[in-house]
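In my numbering, the protein residues as written are 534 to 870. First the structure, in the form of structure tokens, and then the observations on it.
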Ligand code: EPU
């Protein structure tokens with residue numbers, strides 16, 4: 534395990550800004566994670582845990598130590614007639630694991646195909662797409678406390694999962710390192726095809742099965758979302774706001790065809806991407822940063838030369854527009870460092 538100094542973070546975050554960290558280390562096992570936590574460099578510097586860097590915005594160079602768990606195993610830990618439990622190292626690329634599950638005929642995460650990032654980060658913001666959230670398949674989250682070096686193992690119910698949220702973003706923020714996640718996958722067909730254009734795309738491809746579901750989701754995502762290796766971005770930059778029905782009704786009265794989703798009896802989710810588009814931002818640039826032309830929820834490093842301040846300036850203009858047109862405050866989904 535090598536501790537790198539003045540290390541470029543450009544390949545380690547999907548906005549690909551030209552920023553660097555004072556120190557960078559990528560431990561390959563839980564034992565190496567503990568070893569680095571005991572090292573003087575860790576005690577005398579601020580510490581940041583990095584996953585795939587697909588949900589982070591660096592405002593400037595990082596003055597401290599970046600620890601990127603690079604634990605790479607996929608291990609079947611238990612199996613019953615209908616289910617299989619698999620423990621996956623924090624450093625495994627999320628989509629590699631989805632591909633592995635589909636190749637092994639296991640159901641549960643196919644709708645989460647092509648989401649960028651690493652397995653260790655997936656519980657933190659409870660990644661979700663096309664009617665599935667990762668909390669639906671997480672059995673257990675394992676890791677170590679940064680202060681005491683004690684191991685933990687949280688069951689699903691202990692993780693306080695909610696829409697793009699969990700205990701790891703709140704109570705335990707900055708206090709733990711996730712080293713592996715245990716998933717419960719199904720051996721029997723259990724497809725969730727109710728969301729948007731998924732079913733339509735699968736029917737175009739042929740049979741409604743696991744392989745075609747993954748293909749359909751990959752196709753839909755590729756057609757709407759920019760590939761971060763080609764044009765820097767972090768997927769959704771904002772969360773979809775959840776508002777009181779009374780506020781949603783006012784908007785629905787004033788605008789035709791507002792997409793909205795009821796949440797219980799009193800609340801309603803309105804897509805931020807729709808509101809940003811209505812404000813005229815879709816496809817517009819501000820300096821080197823821009824709003825993606827096919828999905829207004831995604832901000833991009835359009836020229837490859839943007840920095841964090843520039844993207845934040847664009848985000849702030851968008852927040853002001855949405856507030857003034859709809860009276861709604863939209864929150865960032867991305868973590869600003
Ligand atoms: N819409 C517009 N204009 C836009 C974007 C969206 O009018 O520019 C409308 C769409 O027509 C649709 C509605 O808004 O009626 C919802 O759009 P979409 O299905 O594209 O999903 P989203 O709500 O914008 C969420 C997730 C995405 C996930 C998709 C699909 C959040 C913050 N984002 O986006 O997640 O892929 O649903 O399930 O919840 C991510 O987190 O990085 C991400 C991409």
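Ideal Cβ positions, reconstructed from N, Cα and C, are used throughout, including at glycine.
Can you tell me whether residue i sits near the ligand EPU, meaning its C-beta is under 6 Å from at least one heavy atom of the ligand?
i           : result
residue 794 : no
residue 769 : yes
residue 727 : no
residue 832 : no
residue 835 : no
residue 772 : yes
residue 787 : no
residue 807 : yes
residue 656 : no
residue 666 : no
residue 804 : yes
residue 662 : yes
residue 828 : yes
residue 810 : yes
Put residue i into one of helix, strand or coil per three-state DSSP.
i           : result
residue 519 : What the structure shows of the chain is the stretch from 534 to 870, and residue 519 is not part of that stretch, so it cannot be assessed.
residue 725 : coil
residue 712 : strand
residue 750 : helix
residue 627 : helix
residue 669 : helix
residue 572 : coil
residue 740 : coil
residue 701 : helix
residue 559 : coil
residue 787 : helix
residue 612 : strand
residue 839 : coil
residue 564 : helix
residue 814 : coil
residue 829 : coil
residue 580 : strand
residue 550 : coil
residue 762 : coil
residue 707 : coil
residue 771 : strand
residue 635 : helix
residue 732 : helix
residue 796 : strand
residue 599 : strand
residue 821 : coil
residue 647 : coil
residue 777 : strand
residue 745 : helix
I'd like to know if residue i contacts chain B, where contact means its C-beta is closer than 7 Å to some C-beta of that chain.
i           : result
residue 759 : Note that chain B does not occur in the displayed structure, where there is just one protein chain.
Hey, would you say residue i sits closer than 7 Å to residue j, going by beta carbons?
i           : j           : result
residue 671 : residue 656 : yes
residue 562 : residue 589 : no
residue 663 : residue 728 : yes
residue 668 : residue 694 : yes
residue 574 : residue 598 : yes
residue 725 : residue 644 : yes
residue 673 : residue 686 : yes
residue 570 : residue 682 : yes
residue 699 : residue 651 : no
residue 776 : residue 801 : yes
residue 867 : residue 763 : no
residue 618 : residue 631 : no
residue 841 : residue 557 : no
residue 661 : residue 711 : no
residue 769 : residue 830 : yes
residue 601 : residue 559 : yes
residue 778 : residue 799 : yes
residue 805 : residue 863 : yes
residue 833 : residue 759 : yes
residue 565 : residue 534 : yes
Please report the Cβ distance between residue i and residue j, rounded to the nearest whole angstrom; I am assuming they are in contact, meaning their Cβ atoms lie under 8 Å.
i           : j           : result
residue 791 : residue 780 : Rounded, the Cβ-Cβ distance is 12 Å, inconsistent with contact.
residue 818 : residue 838 : With 8 Å as the limit, residue 818 and residue 838 do not qualify as a contact, their Cβ atoms being about 12 Å apart.
residue 647 : residue 751 : 5 Å
residue 547 : residue 577 : That pair is no contact at about 30 Å.
residue 803 : residue 788 : 10 Å between Cβ atoms; not a contact.
residue 814 : residue 849 : Actually they do not touch by this definition, with Cβ atoms about 12 Å apart.
residue 642 : residue 621 : Not confirmed; about 10 Å, so no contact.
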